[in-house]
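Chemist:
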Amino acid sequence: MPAVGTSVARKDGIGKATGSALYADDITFPGMIHGRTIRSTIPRGRVKSIRFDFDTDGFTIVDWHDIVGRNSVDLIEKDQPFLVESEVRHMAEPILLLAHEDRERLNAAHVEIEYEEETPLFDPEQSTVVFKKIDIMKGNPAGALASADLVVEGTYRTGHQEHVYIEPNGVIAVPEDVDGKKGVAIFGSVQCPFYVIKALRCLFGAHPPIRVIQTETGGGFGGKEEYPSMIAGHAAMLALKSGRPVKIIYDRAEDMIATTKRHPAIVRHRTGVTRDGHIVAMDIDVLMDGGAYVTLSPVVLSRGCIHAAGPYRCDNVNIRGRTVFTNTPPNGAFRGFGAPQTEFAVEVQMERIAEALGIDSVEVRRINALRPGDTTATGQKLREDTSALMVLDEAVRRTDFLRKREGYRGTNRALGLSLFYHGAGFTGSGELSLKSKARLDLTPTGVRIATGSTEIGQGTRTTHAQIVSDSLGIPYEDVEVAQPDTARVADSGPTVASRTCMVVGKILEECAHEMKERLNGLSPAEYHTRHGAFSVERMYAPPDWIKWDDATYRGDAYATYGWGCDVAEIEVDPDTFEVRPLKLTAVQEFGRPIHPALAQGQIEGGTAQGLGYALLERVVMRNGAMANAQLTNYTIPTTLDMPELDVVMLENPYPGGPFGAKGLGELPMDGPAPAVVNALRWLGFDVREIPATPELIAGCTATA
Amino acid sequence: MARNVGRQCVRERDAVRTAISGLEVRRAASLGEALSILRDDQRTPIAGATDLYVALNFGTLEPRRFLDIWAVNELRDISMNGKTLVLGALATYTSLIRSPLVERHLPMLVEASRQVGGPQIQNRGTLGGNVANASPAGDSLPVLAAVDAVVVLRSADTERRIPLTKFYTGYRATVMRPNELIVAIEIPPVEGRQWFRKVGTRAAQAISKIVVAGVRAAVPRIAFGSVAPTVVRVPETERSLASGATIDEAARVLSREIVPIDDIRSTAEYRMRVATNLLRRFWIETG
Numbered sequence: 001m002p003a004v005g006t007s008v009a010r011k012d013g014i015g016k017a018t019g020s021a022l023y024a025d026d027i028t029f030p031g032m033i034h035g036r037t038i039r040s041t042i043p044r045g046r047v048k049s050i051r052f053d054f055d056t057d058g059f060t061i062v063d064w065h066d067i068v069g070r071n072s073v074d075l076i077e078k079d080q081p082f083l084v085e086s087e088v089r090h091m092a093e094p095i096l097l098l099a100h101e102d103r104e105r106l107n108a109a110h111v112e113i114e115y116e117e118e119t120p121l122f123d124p125e126q127s128t129v130v131f132k133k134i135d136i137m138k139g140n141p142a143g144a145l146a147s148a149d150l151v152v153e154g155t156y157r158t159g160h161q162e163h164v165y166i167e168p169n170g171v172i173a174v175p176e177d178v179d180g181k182k183g184v185a186i187f188g189s190v191q192c193p194f195y196v197i198k199a200l201r202c203l204f205g206a207h208p209p210i211r212v213i214q215t216e217t218g219g220g221f222g223g224k225e226e227y228p229s230m231i232a233g234h235a236a237m238l239a240l241k242s243g244r245p246v247k248i249i250y251d252r253a254e255d256m257i258a259t260t261k262r263h264p265a266i267v268r269h270r271t272g273v274t275r276d277g278h279i280v281a282m283d284i285d286v287l288m289d290g291g292a293y294v295t296l297s298p299v300v301l302s303r304g305c306i307h308a309a310g311p312y313r314c315d316n317v318n319i320r321g322r323t324v325f326t327n328t329p330p331n332g333a334f335r336g337f338g339a340p341q342t343e344f345a346v347e348v349q350m351e352r353i354a355e356a357l358g359i360d361s362v363e364v365r366r367i368n369a370l371r372p373g374d375t376t377a378t379g380q381k382l383r384e385d386t387s388a389l390m391v392l393d394e395a396v397r398r399t400d401f402l403r404k405r406e407g408y409r410g411t412n413r414a415l416g417l418s419l420f421y422h423g424a425g426f427t428g429s430g431e432l433s434l435k436s437k438a439r440l441d442l443t444p445t446g447v448r449i450a451t452g453s454t455e456i457g458q459g460t461r462t463t464h465a466q467i468v469s470d471s472l473g474i475p476y477e478d479v480e481v482a483q484p485d486t487a488r489v490a491d492s493g494p495t496v497a498s499r500t501c502m503v504v505g506k507i508l509e510e511c512a513h514e515m516k517e518r519l520n521g522l523s524p525a526e527y528h529t530r531h532g533a534f535s536v537e538r539m540y541a542p543p544d545w546i547k548w549d550d551a552t553y554r555g556d557a558y559a560t561y562g563w564g565c566d567v568a569e570i571e572v573d574p575d576t577f578e579v580r581p582l583k584l585t586a587v588q589e590f591g592r593p594i595h596p597a598l599a600q601g602q603i604e605g606g607t608a609q610g611l612g613y614a615l616l617e618r619v620v621m622r623n624g625a626m627a628n629a630q631l632t633n634y635t636i637p638t639t640l641d642m643p644e645l646d647v648v649m650l651e652n653p654y655p656g657g658p659f660g661a662k663g664l665g666e667l668p669m670d671g672p673a674p675a676v677v678n679a680l681r682w683l684g685f686d687v688r689e690i691p692a693t694p695e696l697i698a699g700c701t702a703t704a
Numbered sequence: 705m706a707r708n709v710g711r712q713c714v715r716e717r718d719a720v721r722t723a724i725s726g727l728e729v730r731r732a733a734s735l736g737e738a739l740s741i742l743r744d745d746q747r748t749p750i751a752g753a754t755d756l757y758v759a760l761n762f763g764t765l766e767p768r769r770f771l772d773i774w775a776v777n778e779l780r781d782i783s784m785n786g787k788t789l790v791l792g793a794l795a796t797y798t799s800l801i802r803s804p805l806v807e808r809h810l811p812m813l814v815e816a817s818r819q820v821g822g823p824q825i826q827n828r829g830t831l832g833g834n835v836a837n838a839s840p841a842g843d844s845l846p847v848l849a850a851v852d853a854v855v856v857l858r859s860a861d862t863e864r865r866i867p868l869t870k871f872y873t874g875y876r877a878t879v880m881r882p883n884e885l886i887v888a889i890e891i892p893p894v895e896g897r898q899w900f901r902k903v904g905t906r907a908a909q910a911i912s913k914i915v916v917a918g919v920r921a922a923v924p925r926i927a928f929g930s931v932a933p934t935v936v937r938v939p940e941t942e943r944s945l946a947s948g949a950t951i952d953e954a955a956r957v958l959s960r961e962i963v964p965i966d967d968i969r970s971t972a973e974y975r976m977r978v979a980t981n982l983l984r985r986f987w988i989e990t991g
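These protein sequences, in sequence, are chains A and B.
The letter at position 153 of the first sequence is residue 153 when you use the numbering used here, and the numbering goes up by one with no holes.
So the mapping is simple: the numbering used here equals the position in the second sequence, first residue as 1, plus 704.
What follows is the structure in structure tokens.
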């Protein structure tokens, strides 16, 4: 029986259900001590003096002078220091590291830091330091705007969002001898083990042998893409200095205050339309608050801009984006990676365009939805796996949208809809330059998958094993998955960008086909008995038709896209302006589900996260720091906040994916916020910003 | 029954978790033992410890020495004394929810208890603890204030009864003396329809942004939480409604009588608007 397409038992299921799975904080090593980060308490200024108000006996103390290589986290730029030398750019910036075997003594240690404070910059619109600019140009938008029957303008704002993975960031650095050299092994809750390797090589120079082992990881959502490089660097410095294993586990408050968030954005639209509802020009300006260092902001901006025109055809488009410096902790990767911000904006804009034209918003979307053969803002000609109309029509049909919406007129209930898409894998030529590799090892009983792709709850081990099982024609149970250890597995690229199943799964599929040929009809066990072990390693080859020019932002931005249409049915309390989502119908097309239950879980979870983004999750910033860094006051949805979910998975295979699969992880994040806000419009609330808290809705001017 | 353990739930930026080894706990098995310990020794009483753990995790826990009275079963009773409903200080929200007496005499307390935290908190959190913790956002407090509940305080030597409306002297401040324990909350007979509404930050596991309890009688009694440094009754509003003012006039009186503030959960403007909306809703639904 084929494994692909059935909901086989998760590879990590028993361990997690029984509690035998070990997360970073479950692990101890002989002689292990605990690390703590001393952070800045001002948003901008200089360190004048540091004084230790405690008995330093038994403590390991590290500051920037201890760095032998380069004091910068090697990512896109090398501007972010592991430890402040003098200049403080944001609240909770790491300045010093302490370690001690007694956690309470460690926590009680008080370090007095004197600063020379400077006036901080918090408003991205006032910032003149631009980390990255993007300009996407198609046709003649100025001319088309001038000659349009109608121009609709709007400004839309989205806030920070915190990942709230169940397990906060944490690592253990363990000194180890490798061929007589003093090295270090990092055990930690990470998405991208090889990113950590890159950052640590820069931090330590070429000297110490470094490896990174991913421990069981309690969620990531992008929050463990780049940040673990920082905490791993800290633990490694303490470990190398003390000669002992060092564990650093953030508690929830530290994790929320110090680590990355989703970029807040301000998106301005000017859309030219004809009387009969055709979009003829889109002029879009995207501003993202990058925070104090570059980190991943340029690529977040890039994905945000590429998705900013929404799943619509238009011959004349200009999208200008910039991400800027502010004195706040750096914003970073978060499920959706810039697209939830810009797709919120365009989908509310679409609703307003329909209002302005007096044409139903479903019809306006239908007229303009991208079809195979159409070109996107970057000039990419879409292929047969383009499903905007398919998901829209199914969502409208299934929810009886038009009739139901009409029936709610005059009540405190309404329906809202959003149409969205999400490019899978790295942008443009990204997958080519990543040179991702995957390996299959023949074992005495079957095969072992050896990649750096991490299981972070989304089902990596399971879907990869399913793909290998069917491609090799062996039972799913005979496929094991190696724990990612950078010394032992192939670098399959980061576990991000909805690429793990689609891209790494594809390499594994090819490895399996190659292995099957060598087995020549023998089972793995038979082959192993007769000839011994062997391995197959292959590198990813993106589809050869992909052409992308990073200088002009023209070309094939993504090999394929997932498509979605969400319908939110909500009720607003007339006294308190609380929004109760009653039902959310999520119709999504992502090629083909490898594991239907896991795919449904991705859509349900992403929808919950999207509803939190839409209605509840407000990061309150005070003096450049999160003031509600606790789960009581940063409110994510509970089960009682969740509506009934109707998840519909449509299929339209992507020929370049394993068994037709596209990426799925991020797609569900893009839809809920605009669907909810569009429903609010039908109730008379002209909301242009999320989170749409009751306080915000109460202050909204009526649309009617 | 933590007293003032969580003064501030927002962590100082450089604060860390309170060191457990620095805490000292004694356990009392009976009320007599608890009161005699408190006579000689200043300790903060704790029972469910649900507020304590919040403060501990945020490094804002001030007291270091505690008296655990969770085992003092004589404070768990829910009973009638004549026409007075007597709620033991250690009655948990779960026991309040399940009590036929509370359901019959004070159904809005059942409603309030159902909206406290989640089941785990309801199993551990106690009514006495909610009163002692003195948060202006305490979910049960408007209910108690609206029905003129009486807090029964006992020390080794004396017992005194303080109306809940006189129990709080300011933000997180009460008339309790260090040697006293809350032993019970007494509810005089309640005439008229009861009405309760909590507006939290989400559907469950939420701290209230505004909470209202009302009793509709010839002279209505109405109390609000989260609109002032303590839970408050609104006597002017009550009087205006009793004297036949329209609900619009009463809402205007209310808006002069409460002084909500901005905080990390909500805004003064929202709280004011919703308070007046809920006053109207109370009036419509109990009329």
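Glycine included, each C-beta is placed from N, C-alpha and C at the ideal position.
(1) When the cut-off is 8 Å and only beta carbons count, does Leu616/A lie next to chain B?
(2) Is Pro707/A buried or exposed, if buried means 16 or more other CB atoms sit within 10 Å of its CB?
(3) Would Gly562/A and Leu667/A be called neighbours here (beta carbons separated by less than 8 Å)?
(4) Is there a C-beta anywhere in chain A that falls below 8 Å from the one on Val814/B?
(5) Run through the region 183-231 of chain A for me and flag every whole beta strand (DSSP E) of 3 or more residues, listed as ranges in chain order.
(6) Is Ala972/B near the ligand PLP, judged by its Cβ being under 7 Å from some heavy atom?
(7) At what residues does the beta strand (DSSP E) containing Asp283/A begin and finish?
(8) Going straight from the alpha carbon of Ile166/A to that of Gln191/A, what length do you get?
(9) Buried or exposed: where does Asp755/B fall if 16 or more other Cβ atoms within 10 Å of its Cβ makes it buried?
(10) Let me check understanding here. Comparing Cα to Cα, which of Glu617/A, Thr443/A, Asp646/A lies closest to Thr717/A?
(11) Which residue or residues does DSSP assign as beta-bridge partners of His422/A?
(12) Could you list which residues in chain B have their beta carbon closer than 8 Å to that of Val273/A, in chain order?
(13) Name, please, each residue of chain B whose Cβ falls closer than 9 Å to the Cβ of Thr28/A.
(14) Under 8 Å between C-beta atoms, does Thr445/A make it to chain B?
(15) Do the region 387-401 of chain A and the region 358-372 of chain A touch if we need at least three Cβ pairs shorter than 8 Å?
(16) Could you tell me which chain A residues have their CB closer than 7 Å to the CB of Leu982/B, listed as they occur along the chain?
(17) Taking three-plus beta-carbon pairs below 8 Å as touching, is the region 885-901 of chain B in contact with the region 786-794 of chain B?
(18) In terms of residues, what are the limits of the alpha helix (DSSP H) holding Met390/A?
(19) Please report the distance separating the alpha-carbon of Ser72/A from that of Gln80/A.
(20) Let me see if you follow: with CB-CB separation under 8 Å, is Ser725/B close to chain A or not?
(21) Around the Cβ of Arg985/B, are there at least 16 other Cβ atoms within 10 angstroms (buried) or fewer (exposed)?
(22) First and last residue of the alpha helix (DSSP H) that includes Lys16/A?
(23) How would you label Arg707/B, buried or exposed, when you count the other beta carbons within 10 angstroms and need 16 or more for buried?
(24) Is the beta carbon of Ala173/A closer than 8 Å to that of Ala232/A?
(25) By the three-class DSSP mapping on this structure, what secondary structure does Trp548/A have?
(26) Could you please give me the residues that DSSP links to Phe770/B through a beta bridge?
(27) Skipping 5 residues on each side, what residues in its chain have a beta carbon closer than 7 Å to that of Leu831/B?
(28) Below 8 Å, how does it come out for the region 586-593 of chain A and the region 539-550 of chain A: are there three or more Cβ pairs, yes or no?
(29) So what does DSSP say about Asn520/A, is it helix, strand or coil?
(30) Does Ala704/A come within less than 8 Å of chain B when only Cβ atoms are used?
(31) If we require 4 or more residues per run, which alpha helix (DSSP H) segments fall completely within the region 912-975 of chain B?
(32) Helix or strand or just coil, what does DSSP make of Asp718/A?
(33) Going by other Cβ atoms of all chains shown within 10 Å of its Cβ, with 16 needed for buried, is Thr128/A buried or exposed?
(34) Please classify Gly159/A: is it buried, with 16 or more other beta-carbons within 10 angstroms of its beta-carbon, or exposed?
(35) Figure out for me which residue from Phe337/A, Val286/A, Ile14/A has the closest Cα to the Cα of Phe221/A.
(36) Using a beta-carbon distance below 8 Å, is Arg743/B in contact with chain A?
Modeler: This is what the structure holds:
(1) yes
(2) This structure gives no information on residue 707/A, because the portion of chain A shown stretches from 1 to 704.
(3) A Cβ-Cβ contact shorter than 8 Å links Gly562/A with Leu667/A.
(4) False, the Cβ-Cβ gap to chain A never drops below 8 Å.
(5) 210-214
(6) Ligands displayed in this structure: none; no statement on the ligand PLP is therefore possible.
(7) First-last of the beta strand (DSSP E) with Asp283/A: 279-291.
(8) 14 Å
(9) buried
(10) Outside the modelled stretch of chain A, which goes from 1 to 704, sits residue 717/A, for which no answer is possible.
(11) Gly562/A
(12) Residues of chain B passing the Cβ test: none, with the nearest at roughly 36 Å.
(13) Under the 9 Å cutoff, chain B gives no residues; its nearest Cβ is about 19 Å from Thr28/A.
(14) no
(15) Between the region 387-401 of chain A and the region 358-372 of chain A there are three or more inter-stretch CB-CB distances shorter than 8 Å, so the stretches are counted as touching.
(16) Against Leu982/B, the close residues of chain A are Asp575, in the order they occur along the chain (beta-carbon pairs closer than 7 Å).
(17) The region 885-901 of chain B and the region 786-794 of chain B touch, with no fewer than 3 CB-CB distances between them shorter than 8 Å.
(18) 388-399
(19) 5 Å
(20) yes
(21) Its Cβ being crowded by 16 or more others within 10 Å, Arg985/B is buried.
(22) First-last of the alpha helix (DSSP H) with Lys16/A: 13-18.
(23) Its pLDDT being 47, under 50, Arg707/B is placed unreliably by the model, and nothing is read from it.
(24) yes
(25) strand
(26) Val729/B, Thr748/B
(27) Taken in chain order, the residues that qualify are Leu791, Ala793, Ala795, Leu800, Ser844, Ile889.
(28) As far as the Cβ criterion goes, the region 586-593 of chain A does not touch the region 539-550 of chain A, which means the pair count is below three.
(29) Shown here, Asn520/A sits in coil according to DSSP, grouped into three states, outside any helix or strand.
(30) Any reading at Ala704/A must be qualified, since the residue scores a pLDDT of 45, below 50, and its modelled position is unreliable; the value itself is stated next. Contact of Ala704/A with chain B is not assigned, every C-beta pair being separated by 8 Å or more.
(31) 939-946, 951-961
(32) Beyond the ends of chain A as shown, which are 1 and 704, falls residue 718/A; an answer cannot be given.
(33) exposed
(34) The residue in question, Gly159/A, is buried, as its Cβ has 16 or more Cβ neighbours within 10 Å.
(35) Taking each of Phe337/A, Val286/A, Ile14/A in turn and checking the Cα distance to Phe221/A, the smallest one comes out for Phe337/A.
(36) False, the Cβ-Cβ gap to chain A never drops below 8 Å.
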